[in-house]
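A.B. asks:
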Amino acid sequence: MILDIAEEMPLQISGDQVRLRQVVGNLTSNAVKFTDHGEVVVRARLETERERDYVICIEVTDTGIGIAPEQQGRMFDSFAQEDSTITRRYGGTGLGLAICKQLVELLGGEIGVESTPGEGSTFWVRLPLKTADATDKKLSSHHLKGSYRFLLVEENQTARNVLAEHITAWGGLCDSAVSVEDAQQKVVDAESHGTHYDVIIADMTSTDSDRMFLHALHSQGLATGSHIVLMSGSGCCAGGCEKERLDIELCINKPINFSELFERLAEILDGVSSETIDLSARETTRRPDGEKWSVLVVEDNAINQKVATGILQYLGFAVDVANNGQEALTSASVGHYDLVLMDCQMPVLDGYEATRAIRRLAGKIAKVPVIALTANVSARERSRCLSAGMNDYIGKPYAPDELQRKALFWLEKRGQDSELA
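Per full-length UniProt numbering, residue 1 is the first one in the sequence shown, and the count goes up by one each step.
The structure is reproduced here in structure tokens:
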């Protein structure tokens, strides 16, 4: 998942946040669902500007299965039928593109799609908005005080290019490395010429070789004078001891919030603050008996699984994963869980029926708290979730602190109920 907010975008805009989040969240959720490999990129750019009136274009591009030309023209129709094979495999399109179209039109905008079967799709939304900031401040107003040298270690070309564009716009000088070996060689070459990189930004998402690269830099003294920044797509970076040992100054979660990244880099490089910053810090909690809380994540998309699992494990929970409702039912029948996170739209057996089946099981598992994960946050969907026996719900995409807050609430409640029992 890659987030690319153009530098000319205003920092604050005025609009219907709830409906806009519903639309972009659903388009993003669908893109992730229908993309088995590759990438999903969410872009926002400024199309036109007149005083404080803007036209903003938001694009969600994926490298998924694509859409046949004959289907593209009716993707947003209220009565359009999805291909049954696709629905069985991927679980449908959640909130529904017809509803997205209605919401966009209510906001005075338009929505469309461009797609090539087998290559991917781009869903775009064009909206008229106003700036909410009287000073009309934009991302492009960000600028570092010095011409710092950056080394970006990132395998994904799109992510690498987006990161380089932003840092260059802030006045930084960027070199890029596509692999750990490439990165290590660039650091060695810089040292041999009597220079160094002021900042090394390394992706920690892919393999253990990324972590080994940092250990090698530290053990060989090659990172002396360099600020180490880690990127992670799993909701956590290195542990506290490892961070201190490797002199890691900043951990950031993907997709990157570039305004936040700039502020943190400015603190590190321009001397505003010398403290170690961890944007992914979360409190941990345990059951009354001292054991870890046990959570079952029921989610058919591998990326969503990784995100939820990373956040929960960082909180100190024991986590199991089920790929659909049927697997969830099997796991619940034989295992002990304190909480279930249940995606609603899944192949084989959806979240609603899986929850009903869990409620019919014998023993304490029948009363396990179930939190729905859904792109549809309407009152009707909430009623459907509660009617199926779910206790609560979280709208996709969700922030880590929202998942933390909901999980802790229901786990602490379950702990209190257990003590009373």
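Beta carbons: idealized from backbone N, C-alpha and C, even for Gly.
Since the structure is predicted, the reported quantities are computational estimates derived from the model, not experimental observations.
1. With DSSP run on the structure shown, which of helix, strand or coil describes ASP392?
2. Can you tell me which of the three DSSP states PRO69 falls into?
3. What number of angstroms, rounded off, separates the C-alpha of ILE5 from the C-alpha of PHE258?
4. Are the beta-carbon atoms of GLN313 and VAL319 separated by less than 7 Å?
5. Mind checking which residues open and close the alpha helix (DSSP H) that includes THR355?
6. Alpha carbon to alpha carbon, how far is ILE256 from MET231?
7. Return the residue from the list GLU114, CYS57, GLU47, VAL32 that minimises the CA-CA distance to ILE67.
8. How many Å lie between TYR393 and CYS100 at the Cα?
9. Taking only three categories from DSSP, how would you classify GLY94?
10. Which one or two residues does DSSP pair with SER294 in a beta bridge?
11. I'd like the span of the beta strand (DSSP E) that includes residue 494, first residue to last.
12. So is PRO369 buried or exposed if we call it buried at 16+ other beta carbons inside 10 Å?
13. Can you find the residues in the same chain that come closer than 8 Å, C-beta to C-beta, to GLY389, ignoring five residues on each side of it along the sequence?
14. Could you give the distance in angstroms between the alpha-carbon of VAL295 and the alpha-carbon of GLY38?
15. Using a threshold of 7 Å, state whether the C-beta atoms of ILE268 and GLU249 are closer than that.
16. Under 7 Å, Cβ to Cβ, is there at least one residue of chain D near ALA407?
17. Tell me the residue span of the beta strand (DSSP E) that contains VAL368.
18. Below 7 Å between beta carbons: does that hold for MET342 and GLY335?
19. Which class does LEU403 belong to by DSSP, given the choice of helix, strand or coil?
20. Given this structure, state the Cα-to-Cα distance separating ALA266 from THR168, to the nearest angstrom.
21. Short check: CB of LEU151 to CB of TRP170, under 7 Å?
22. On the criterion of 16 or more Cβ atoms from any shown chain inside 10 Å, does SER29 qualify as buried, or is it exposed?
23. Give the single residue among THR330, VAL307, SER331 whose Cα lies nearest to the Cα of PRO397.
24. By a C-beta neighbour count over all protein chains shown, 10 Å radius and 16 as the cutoff for buried, is SER14 buried or exposed?
25. Please determine, among LEU329, GLY363, PHE409, GLN305, the residue with the shortest C-alpha to C-alpha distance to LEU349.
26. Which value, in whole angstroms, describes the spacing of the CA atoms of GLU181 and CYS344?
27. State the Cα-Cα distance for the pair ALA379 and ARG264, rounded to the nearest angstrom.
28. Alpha carbon to alpha carbon, how far is SER121 from GLU260? Give it in angstroms, no decimals.
29. Just to confirm, are VAL60 and LEU3 a CB contact at a threshold of 7 Å?
30. Let me know the secondary structure DSSP gives GLY415 once reduced to three states.
31. Taking its Cβ as the centre, do 16 or more other Cβ atoms sit within 10 Å of ARG50, making it buried, or is it exposed?
32. For the beta strand (DSSP E) containing ARG43, name the first residue and the last one.
33. Look at VAL104 and VAL24 and say whether their C-beta atoms are less than 7 Å apart.
34. Keeping to the same chain, check which residues put their C-beta closer than 7 Å to that of GLU353; ignore five residues upstream and five downstream.
35. DSSP state of ALA362, grouped into three classes?
36. Would ARG45 and THR131 be called neighbours here (beta carbons separated by less than 7 Å)?
C.D. replies: Judging by the given coordinates:
1. Here residue 392 is taken as the residue at index 392 of the sequence shown, counted from 1. In the structure shown, ASP392 falls within a strand segment according to DSSP collapsed to helix, strand and coil.
2. Against the sequence shown, residue 69 aligns to sequence position 69. Helix.
3. Position 5 of the sequence shown holds residue 5. Position 258 of the sequence shown holds residue 258. Whole-angstrom Cα-Cα distance: 8 Å.
4. Start at 1 with the first residue of the sequence shown, and residue 313 comes out as number 313. Start at 1 with the first residue of the sequence shown, and residue 319 comes out as number 319. Their beta carbons are under 7 Å apart, which means GLN313 touches VAL319 by this criterion.
5. As a position in the sequence shown, residue 355 is number 355, starting the count at 1. Per DSSP, the continuous alpha helix (DSSP H) segment holding THR355 begins and ends at 351 to 359.
6. Here the question's residue 256 lines up with position 256 in the sequence shown. Here the question's residue 231 lines up with position 231 in the sequence shown. The alpha-carbon atoms of ILE256 and MET231 are separated by roughly 8 Å.
7. The sequence position of residue 67 within the sequence shown is 67, counting from 1. Of GLU114, CYS57, GLU47, VAL32, the residue nearest in Cα terms is GLU114.
8. Residue mapping note: residue 393 aligns to position 393 of the sequence shown, counting from 1. Residue mapping note: residue 100 aligns to position 100 of the sequence shown, counting from 1. The alpha-carbon atoms of TYR393 and CYS100 are separated by roughly 20 Å.
9. Within the sequence shown, the letter at position 94 stands for residue 94. Any reading at GLY94 is ruled out, since the residue's pLDDT is 43, under 50, leaving its predicted position unreliable.
10. For this step, residue 294 is matched to residue 294 along the sequence shown. Partner(s): ALA318.
11. No answer is possible for residue 494: the residues shown for the chain start at 1 and end at 421.
12. By one-based count along the sequence shown, residue 369 stands at place 369. Buried, by the Cβ-count rule.
13. Within the sequence shown, the letter at position 389 stands for residue 389. Contacts found: THR355, ARG356, ILE358, ARG359, VAL370.
14. Your numbering for residue 295 matches position 295 in the sequence shown. Your numbering for residue 38 matches position 38 in the sequence shown. For VAL295 and GLY38, the distance between alpha carbons rounds to 28 Å.
15. Position 268 of the sequence shown, counted from the first residue, corresponds to residue 268. Position 249 of the sequence shown, counted from the first residue, corresponds to residue 249. A contact, by the Cβ cut-off of 7 Å.
16. Here chain D cannot be found, since the structure has a single protein chain.
17. As a position in the sequence shown, residue 368 is number 368, starting the count at 1. Where VAL368 is concerned, there is no enclosing beta strand (DSSP E), because DSSP gives it neither an H nor an E.
18. Counted from its first residue, the sequence shown places residue 342 at position 342. Counted from its first residue, the sequence shown places residue 335 at position 335. Result no, Cβ atoms of MET342 and GLY335 do not sit closer than 7 Å.
19. One-based indexing of the sequence shown puts residue 403 at position 403. DSSP places LEU403 in helix when its eight states are reduced to three.
20. The residue you call residue 266 lines up with position 266 of the sequence shown. The residue you call residue 168 lines up with position 168 of the sequence shown. When rounded, the distance between both Cα atoms is 14 Å.
21. Locating residue 151 in the sequence shown gives position 151, where the first residue counts as 1. Locating residue 170 in the sequence shown gives position 170, where the first residue counts as 1. 7 Å or more divides the Cβ of LEU151 from the Cβ of TRP170.
22. To locate residue 29, count along the sequence shown from 1; it is residue 29. Under this definition SER29 is a buried residue.
23. Position 397 of the sequence shown, counted from the first residue, corresponds to residue 397. Ranking THR330, VAL307, SER331 by Cα distance to PRO397 puts VAL307 first.
24. Within the sequence shown, residue 14 is the residue found at index 14, counting from 1. Result: exposed.
25. Sequence index remark: in the sequence shown, residue 349 carries index 349 (1-based). The candidate whose alpha carbon is nearest that of LEU349 is LEU329.
26. One-based indexing of the sequence shown puts residue 181 at position 181. One-based indexing of the sequence shown puts residue 344 at position 344. Taking the straight line from one Cα to the other gives about 42 Å.
27. Within the sequence shown, the letter at position 379 stands for residue 379. Within the sequence shown, the letter at position 264 stands for residue 264. The alpha-carbon atoms of ALA379 and ARG264 are separated by roughly 38 Å.
28. Taking the first residue of the sequence shown as position 1, residue 260 is located at position 260. Taking the first residue of the sequence shown as position 1, residue 121 is located at position 121. Approximately 29 Å, taken between the alpha carbons.
29. Sequence index remark: in the sequence shown, residue 60 carries index 60 (1-based). Sequence index remark: in the sequence shown, residue 3 carries index 3 (1-based). No, these two residues do not count as a Cβ contact at 7 Å.
30. The residue labelled residue 415 in the question sits at position 415 within the sequence shown. Residue state, collapsed to three classes: helix.
31. The residue you call residue 50 lines up with position 50 of the sequence shown. Burial check for ARG50: the Cβ neighbour count within 10 Å stays below 16, so the residue is exposed.
32. Residue numbering aside, residue 43 sits at position 43 when the sequence shown is read from its first letter. Counting along the chain, the beta strand (DSSP E) containing ARG43 begins and ends at 40 to 50.
33. If you number the sequence shown from 1, residue 104 lands on position 104. If you number the sequence shown from 1, residue 24 lands on position 24. Result no, Cβ atoms of VAL104 and VAL24 do not sit closer than 7 Å.
34. Counting from 1 along the sequence shown, the entry for residue 353 is found at position 353. Apart from the 5 residues on each side of it in sequence, GLU353 sits with its Cβ closer than 7 Å to the Cβ of GLY325 in its chain, given in chain order.
35. Within the sequence shown, the letter at position 362 stands for residue 362. If DSSP states are grouped into helix, strand and coil, ALA362 belongs with coil.
36. For the purposes of this step, residue 45 is identified with residue 45 of the sequence shown, where counting begins at 1. For the purposes of this step, residue 131 is identified with residue 131 of the sequence shown, where counting begins at 1. Taking 7 Å as the Cβ cut-off, ARG45 and THR131 do not qualify as a contacting pair.
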